[in-house]
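This report refers to the structure that appears directly beneath it.
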Amino acid sequence: MAVNYDQEKQDLTRRNFLSLAANGLIGAGLLGAAAVFGKFFWPNVSYGPPSKFSIGKPTNFGDGAKLNIADQKVSIIRHGDKIGAISMVCQHLGCTVAASPTGYDCPCHGSKYDDKGNVTHGPALVSLFWFDVHPTPSGDLEVDKSKKFSDPDHYYTVT
Amino acid sequence: MKRIREEEIFPRNPNKTYGLMELVKGSSTRVDRGPDDMVSSWPHLLIREAALFAACFAVILALSVFKPAPLELEANPQKPPNPAKAPWYFLGLQELVAYDAFWGGLGIPGLVVIGLMAIPYLDRHHSGIGRWFAKSRRMACTLWTGYVVIVIVLIIIGQYFRGPNWAWYTPWNMPPEVQ
Amino acid sequence: MSVKELRPSGPPPSSGGSGSRRPSTDGPLTKLSKAIYRQAPEVWDNLRPLALFHNIYKSVYRTTAFPKTERERSEAFFNSFLLHIQPAKIEKHALRFTYTFGLGLLSTYLFLLLTISGLLLMFVYVPSVQDAYGRMQDLHSSVSFGYILRGMHFWSANAMIAVVFFHMCRVFYTGAYKAPREFNWVIGVILMVLTLILGFTGYLLPWDQLAFWAITVGAGIAGKANWISDNLNSLPHPPGAPPVPPLGDLTRWALLGSDTVGQEALIRFYVLHVAILPVIITLFIVYHMWRIRKDGGISSPKESPE
């Protein structure tokens, strides 16, 4: 009886199944090892500037103030007795926005935001982050960049 | 011509169906093959390769001597330049990104790369190989030209038609602070 | 130059026949040289400059420097390490400049120039946020030939990206991606992507304004992969199933090693640019070239009807 070797090569014989399974196991093992080692590339410690920083006494800011803290990329605004901290990192692709008469403009791709960080012109889709502002025991105000809010109006009210 | 003397230089073996018939002068033996258009790589290929390297090196050297590489101001994380333009080969991408960040930056480029890789598995018609713009491949050539034109137009827009805040400017109205 | 054995000839350099056995007054060096001559008289002949050069050349190259016959010309390619990746004989059609415009070879040459100039630039460059920009200025002011080296790296990189793209256009317009060359086209697309990534990682290194903001935007684009995980999470899923992690943030975090572009990003891009990516692209280039040979050389009109 003639054996059709080509057919045998394509069929899932026991031998083919075993060799497939062995190759699959080796491949899965290598991929798994690589994935576990991939953790190496995710840093556990950040060397950037600290996420909390002091901005001094509330009296530093007059009504209607809009002050840039350039090295933290945060803009401090005061409306009446409410003080807020708006992130100056564009929500589009991370350029630093510049303060403008109408709010904030991004030079990289033309996004525009109003004074409260709401998008007025694309391509950005999301408004600028607001950061948590709270007083410290010394009476200074502190901005915590690890607590951020996607919706505007997260003020600290001066009492 | 009259054969004067028959001399068997290569005696025939009666047990074999083949034998050595004659010796001819020539550069290589070709049996049952028409003349092919082969030439030896030495020196025909080699000399062209060497000339190409010389030309390539000369052009690059001349460019680097007479047009040094640009260096902008030192990086300042507080103040992006306005407009912040990528190198020319990423300006098409930047133009797309200015419309939609995900689709411009990842979606469309990813699909383009997958599409490019798929070309030989979609177009399997075995014709027009080895000729520029073969007539039988007019459709494929037109589609590809369309792709090339889109790439080049996007780069030209990014390079010459985008000014401060990535707004549309014509090259002759470009504010002077933008080169 | 034809290769032939040089037979030992001529008298030995030192006189003093070996026949007479009178007590020697020679110094130890003379004794030694006489002993060598007695045991192996051809040594002196082998040291003659012409013979020495000849034998060293033959041991290195095996083939003559100027082949004349067809056989010698073929051997010149078979026996040479650098040339053996190419065929000893080639179709006339493949040599026509207007068929390939030499674009594939040109991108290889540019990669070679980039490797050499890049290695030399590594002697000057320091991948540190404080020093990198200063070293760039040094290249233009205080390093001999520094600006030429940087210029060569810059222009070769720009030219390579353009040439790779033109090469792809040539291959498309001549239908050279068709069977049996399909997979080599795929390798070519990968090579183009790798070339672009090398360009991307390279231009952070000068630490100038272009570098910083281009990488900021590039990392922002990587962060947009969040779109995928956000959409996956918004699909109906079984209660209690863990959410898909934000893919974009993870990629950005791995790329920059931090939240923003800084020292961590610089050292990561440096290692990628000077070590990891060049090795990967070299492997792909070698495979690309091997496949050209295995797929039957470059495409030819003989392979298909019009």
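Protein chains in written order, with the working numbering: chain L, 283 to 441; chain Z, 15 to 193; chain X, -10 to 295.
Backbone N, C-alpha and C define an ideal beta-carbon position, used for all residues, glycine too.
Keep in mind the model is a prediction, meaning the values are calculated, not measured.
### Query
In the structure shown, what three-state DSSP assignment does Arg159 (chain X) receive?
Taking the first residue of the third sequence as 1, we reach residue 159 (chain X) at position 170. Helix at Arg159 (chain X).
### Query
Does the beta-carbon of Ile204 (chain X) have 16 or more other beta-carbons within 10 angstroms, so that it is buried, or is it exposed?
Along the third sequence, one-based indexing puts residue 204 (chain X) at 215. When all chains shown are included, Ile204 (chain X) counts as buried.
### Task
Compute the Euclidean distance between the alpha carbons of Gln304 (chain X) and Gly320 (chain L), then round it to the nearest angstrom.
The requested residue 304 (chain X) is not part of the displayed model; chain X covers only -10 to 295.
### Task
Taking only runs that begin and end inside the segment 174 to 234 of chain X, name each unbroken alpha helix (DSSP H) of 4 or more residues, in chain order.
Fully enclosed alpha helix (DSSP H) runs of 4 or longer: 198 to 212 and 215 to 223.
### Query
Tell me the DSSP bridge mates of Trp144 (chain X)?
The count along the third sequence starts at 1 and reaches residue 144 (chain X) at position 155. Its beta-bridge partners do not exist; DSSP assigns none.
### Task
For Pro189 (chain Z), I'd like the list of residues in its chain whose CB is within less than 7 Å of its CB, leaving aside the five on either flank, ordered along the chain.
Numbered from 1 along the second sequence, position 175 holds the residue referred to as residue 189 (chain Z). The answer, listed in chain order, is Gly177 and Pro178.
### Task
Tell me whether the beta-carbon of Ser218 (chain X) lies closer than 8 Å to the beta-carbon of Leu236 (chain X).
The count along the third sequence starts at 1 and reaches residue 218 (chain X) at position 229. The count along the third sequence starts at 1 and reaches residue 236 (chain X) at position 247. Their beta carbons are under 8 Å apart, which means Ser218 (chain X) touches Leu236 (chain X) by this criterion.
### Task
Would you list, in chain order, the members of the segment 385 to 412 of chain L that have their beta-carbon closer than 7 Å to a beta-carbon of chain Z?
Asp387, Pro389, Cys390, His391, Gly392 and Pro405
### Query
Taking the alpha carbon of Gln373 (chain L) as the point to measure from, which residue in L:Phe413, L:Ala367, L:Val401 and L:Ala347 has its own alpha carbon closest?
Working through the first sequence from its first residue, we reach residue 373 (chain L) at position 91. It is L:Val401.
### Message
Am I right that Leu410 (chain L) and Val111 (chain Z) are in contact with their C-beta atoms under 8 Å? What's the rounded C-beta distance?
### Response
Numbered from 1 along the first sequence, position 128 holds the residue referred to as residue 410 (chain L). Numbered from 1 along the second sequence, position 97 holds the residue referred to as residue 111 (chain Z). Contact flag wrong, Cβ pair sits at about 19 Å.
### Task
Give the range of the alpha helix (DSSP H) segment to which Glu59 (chain X) is assigned.
For the purposes of this step, residue 59 (chain X) is taken as residue 70 along the third sequence, with counting starting at 1. First-last of the alpha helix (DSSP H) with Glu59 (chain X): Glu59 to Phe67.
### Query
So, using beta-carbon positions, are Pro56 (chain X) and Glu64 (chain X) closer together than 8 Å?
Here residue 56 (chain X) is taken as the residue at index 67 of the third sequence, counted from 1. Here residue 64 (chain X) is taken as the residue at index 75 of the third sequence, counted from 1. It is a contact, given that the beta carbons lie within the stated cut-off.
### Task
State yes or no: is the beta carbon of Trp294 (chain L) nearer than 8 Å to at least one beta carbon in chain X?
In the first sequence, the residue the question calls residue 294 (chain L) occupies position 12. In the sequence under discussion, the amino acid at residue 294 (chain L) is Leu, which differs from the Trp named in the question. Residue-level contact by beta carbon fails for Leu294 (chain L) and chain X, as no gap is shorter than 8 Å.
### N- and C-terminal bounds of the alpha helix (DSSP H) containing Ser301 (chain L)
If you number the first sequence from 1, residue 301 (chain L) lands on position 19. That run of the alpha helix (DSSP H) goes Arg296 to Phe319.
### Query
Do the CB positions of Glu292 (chain X) and Ala148 (chain Z) come within less than 8 Å of each other?
The sequence position of residue 292 (chain X) within the third sequence is 303, counting from 1. The sequence position of residue 148 (chain Z) within the second sequence is 134, counting from 1. No, the pair does not count as a contact, with Cβ atoms beyond the cut-off.
### Query
Can you find a CB in chain X that lies within less than 8 Å of the CB of Pro82 (chain Z)?
Along the second sequence, one-based indexing puts residue 82 (chain Z) at 68. Yes, Pro82 (chain Z) lies at the interface with chain X (some Cβ there is under 8 Å from its Cβ).
#### Entry: The alpha helix (DSSP H) enclosing Phe86 (chain X), as first and last residue numbers
Against the third sequence, residue 86 (chain X) aligns to sequence position 97. Per DSSP, Phe86 (chain X) belongs to the alpha helix (DSSP H) from Phe86 to Thr89.
### Query
Along the chain, where does the beta strand (DSSP E) that runs through Gly338 (chain L) open and close?
The residue given as residue 338 (chain L) occupies position 56 in the first sequence. Residues Lys334 to Gly338.
### Asp469 (chain L) (DSSP reduced to helix, strand or coil)
Residue coverage of chain L in this structure runs from 283 to 441, which leaves residue 469 (chain L) outside it and unanswerable.
### Query
List, in order along the chain, the chain Z residues whose C-beta lies closer than 7 Å to that of Asp353 (chain L)?
If you number the first sequence from 1, residue 353 (chain L) lands on position 71. Close partners of Asp353 (chain L) in chain Z (Cβ separation under 7 Å): Gln92.
### Query
Quick one: is Asn357 (chain L) near chain X, going by C-beta distance under 8 Å?
Counted from its first residue, the first sequence places residue 357 (chain L) at position 75. A quick correction: the sequence has Ser, not Asn, at residue 357 (chain L). With 8 Å as the cut-off, Ser357 (chain L) does not count as an interface residue toward chain X.
### Query
Buried or exposed: Gly346 (chain L), going by 16 or more other Cβ atoms within 10 Å of its Cβ?
To locate residue 346 (chain L), count along the first sequence from 1; it is residue 64. By the neighbour-count rule (16 or more Cβ atoms within 10 Å), Gly346 (chain L) is not buried but exposed.
### Message
Spatial neighbours of Cys155 (chain Z) within its chain, please: C-beta separation below 7 Å, excluding the five flanking residues on both sides.
### Response
Along the second sequence, read from residue 1 onward, the residue named residue 155 (chain Z) stands at position 141. Phe147.
#### Entry: Inter-residue Cα distance where the pair is Ile79 (chain X) and His58 (chain Z)
Counted from its first residue, the third sequence places residue 79 (chain X) at position 90. Counted from its first residue, the second sequence places residue 58 (chain Z) at position 44. About 9 Å.
### Task
Output, in chain order, the set of chain Z residues within a Cβ distance shorter than 7 Å of Pro195 (chain X).
Start at 1 with the first residue of the third sequence, and residue 195 (chain X) comes out as number 206. Leu85, listed in chain order.
### Query
From Gly209 (chain X) to Arg241 (chain X), what does the alpha carbon distance come to, in whole angstroms?
One-based indexing of the third sequence puts residue 209 (chain X) at position 220. One-based indexing of the third sequence puts residue 241 (chain X) at position 252. Each residue's alpha carbon lies about 7 Å from the other.
### Task
Taking only beta-carbon positions, decide if Met15 (chain Z) is within less than 8 Å of chain X.
For the purposes of this step, residue 15 (chain Z) is taken as the residue at position 1 of the second sequence. Confidence at Met15 (chain Z) is low in this model, with a pLDDT of 48, below 50, so the placement of that residue should be treated as unreliable; the coordinate-derived value is given next. With 8 Å as the cut-off, Met15 (chain Z) does not count as an interface residue toward chain X.
### Query
Which word fits Gln214 (chain Z), buried or exposed, when buried means at least 16 other C-beta atoms lie within 10 angstroms of its C-beta?
Residue 214 (chain Z) lies beyond the stretch modelled for chain Z, which goes from 15 to 193, so this question has no answer here.
### Task
Give the straight-line distance between the Cα atoms of Lys81 (chain X) and Ala54 (chain X), rounded to the nearest whole angstrom.
The residue labelled residue 81 (chain X) in the question sits at position 92 within the third sequence. The residue labelled residue 54 (chain X) in the question sits at position 65 within the third sequence. Using only the alpha carbons, I get a separation of about 24 Å.
### Task
Determine the contact status of Ala29 (chain X) and Leu99 (chain X), defining contact as a CB-CB distance below 8 Å.
On the third sequence, residue 29 (chain X) is found 40 positions in, with the first residue counted as 1. On the third sequence, residue 99 (chain X) is found 110 positions in, with the first residue counted as 1. One thing to note: Ala29 (chain X) has its Cβ no nearer than 8 Å to the Cβ of Leu99 (chain X).
### Query
Per DSSP, Gly385 (chain L) is paired with what?
On the first sequence, position 103 is the one that residue 385 (chain L) refers to. In DSSP, Gly385 (chain L) forms a bridge with L:Ser382.
### Task
Could you spell out where the beta strand (DSSP E) holding His73 (chain X) opens and where it closes?
Within the third sequence, the letter at position 84 stands for residue 73 (chain X). That residue, His73 (chain X), is in no beta strand (DSSP E); it is neither H nor E in DSSP.
### Message
Considering only the alpha carbon of each residue, which of X:Phe154, X:Met125 and X:Ala264 lies closest to Gly140 (chain X)?
### Response
Stepping through the third sequence from its first residue, residue 140 (chain X) is reached at position 151. Here the closest residue by C-alpha is X:Met125.
### Query
Between Val153 (chain X) and chain Z, is there a C-beta pair that is closer than 8 Å?
By 1-based counting over the third sequence, the position of residue 153 (chain X) is 164. It does not: the Cβ of Val153 (chain X) has no partner Cβ on chain Z nearer than 8 Å.
### Task
Check each candidate in X:Gln252, X:Leu272 and X:Leu199 and name the one with the smallest Cα separation from Leu85 (chain Z).
Taking the first residue of the second sequence as 1, we reach residue 85 (chain Z) at position 71. That would be X:Leu199, whose Cα lies nearest to the Cα of Leu85 (chain Z).
### the segment 335 to 345 of chain L touching the segment 299 to 316 of chain L, judged by at least three CB pairs closer than 8 Å
Contact between the segment 335 to 345 of chain L and the segment 299 to 316 of chain L is absent, because fewer than three Cβ pairs lie under 8 Å.
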